[in-house]
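When you number the sequence shown by the UniProt record's numbering, it's gap-free, plus one each residue, and the end is 335. Just so you know, even glycine gets a beta-carbon here, dropped at the ideal spot from N, CA and C. This report refers to the structure that appears directly beneath it.
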Amino acid sequence: MKNYIVLFLMVCVFASCKNEAESPVVSVNARQILVDGSPYLIKGICYHPVPKGSDKRDFSTIAQDLDLMVEAGINTIRVYAPIDNKAVLDDIHAAGIKVIIGFGYNQKGKFDILSGTYIDYVNKYKNHPSILMWELGNEYNYHPEWFRGDIKNWYIAMNDAAELIHKNDSNHPVTTAHGELPDALALSMGPNIDVWGMNVYRWDDPSSIFSQWEAVSEKPMYLSEAGGDSYMTISKAGFEEGINEKAQAEANKNILDKIFENQEVCSGVTMFSFTDGWWKAGNPDKQDIGGWAPNSSGVPYDGAPNEEFWGIVDIDRNKKETFSVVKNKYNQLKN
């Protein structure tokens, strides 16, 4: 009987080691993100699937969504809140896709930075092979009012959270999604951030951000949000008012061209976004015009972020014109 117990324990240890061995090491070197020592180019999409009539994220369409992502050449999903479902992460990994897991500051104690429970999630999933990076916050620099009127309070929390993640997980970098180019204060207060994500809306040409970043930092960066929506609030730049998939497709083509012309500085992009979000600007049972976002005057081509029209597919997973743009661009690039 003793021999059987020893054999059982040996099998368990072997299985555990094998599982950990299957989880790649993600690191940074100079301006590059590396996966098991090889450069990794993010060909990504922001993903927050919310069904019609709801304002809650729902992964019931994950199989269909992953099929579409694989077709489009997407290798990275960026989510705004942790996915506490191993089966979903397993499906993402099986599709050959990695995940950037976002942590919010105050999510009522659910894997958030304020309560400190984010580290519980890190320790629970740090050996899962789908994980690419841990991401702290989303455009919080636009919201000092969330931090007692002083954005330095956020930068302190962000940097401390990154330090604790490093102590618990040496195999994945920590990033943050900063609104636009980080200023000197953000950079000086965030030395523990390994990769800087930036949500950048500079019409259909973000290329100026890369030289600006090169001048202030030697760390890797990626565009955590970029793109255009498929509704024109006004007629402009040759595109007519109203639903206009051609405007979105043209903007995204130009944006992606500029991003991947600058791979020596930029490690890629998670385009905003996979599917239209009917929950964002009004009645979740219908697609509303309007919505608001900080620093959004640079949204092509009307300067208006119609919040419910950003998907590369619509809410029923019908492909928009921009789907082909993303597919053609991502599939012609090597990983």
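In this structure, does DSSP put residue i in helix, strand or coil?
i	result
H222	Just to set this straight, residue 222 is Tyr in the shown sequence, not His. Strand.
K236	strand
A21	Unreliable positioning characterises A21 in this predicted model, as indicated by a pLDDT of 46, which lies under 50. The coordinate reading is nonetheless provided below. If DSSP states are grouped into helix, strand and coil, A21 belongs with the helices.
T61	coil
I312	coil
W278	coil
P39	strand
V28	strand
Applying the criterion that 16 or more other CB atoms from any shown protein chain within 10 Å of the CB defines a buried residue, is residue i buried or exposed?
i	result
V216	exposed
V70	exposed
D183	exposed
N244	buried
Q64	exposed
R148	exposed
Please go through the same chain and pick out, in chain order, the residues whose beta-carbon is closer than 6 Å to the beta-carbon of residue i, but skip the five residues on each side of it.
i	result
E241	M232, I234 and S235
V299	Y201 and P305
Excluding sequence positions up to five away, which residues of its chain have a Cβ less than 8 Å from the Cβ of residue i?
i	result
P206	V200, L223, A226, I255, K258 and I259
Y155	L185, A186, M189 and G190
Just to check my reading of the structure: residue i and residue j have Cβ atoms closer than 8 Å, yes? What is that Cβ distance to the nearest angstrom?
i	j	result
G282	N306	Not really, about 11 Å apart at Cβ, beyond 8 Å.
K43	G73	6 Å
I77	I92	7 Å
V326	I315	That belief does not hold up - the Cβ atoms of V326 and I315 are roughly 17 Å apart, past 8 Å.
Y142	G179	5 Å
residue 336	M133	Because the chain in this structure spans residues 1 to 335, residue 336 falls outside the shown range and cannot be described.
Go through its chain and collect everything with a Cβ distance to residue i's Cβ below 7 Å, but skip five positions before and after it.
i	result
D58	P49, V50 and P51
Y118	F103, F111, D112 and A161
E308	D276, G277, W278, K280, A281, Q287, D288 and G291
Select from the options the residue whose C-alpha is nearest the C-alpha of residue i.
i	options	result
D169	K319, Y155 and V122	V122
G37	V25, G228 and R31	V25
residue 337	K124, A157, D204 and D314	With the chain covering only 1 through 335, there is no way to say anything about residue 337.
L66	P39, I45 and P82	I45
E250	L181, L333 and E321	E321
G53	G303, K334 and G277	G277
K56	A247, Y47 and I101	Y47
Q107	S324, R317 and P82	P82
E135	G303, L181, V79 and W146	V79
residue 388	A95, H172 and M198	Residue 388 lies beyond the stretch modelled for the chain, which goes from 1 to 335, so this question has no answer here.
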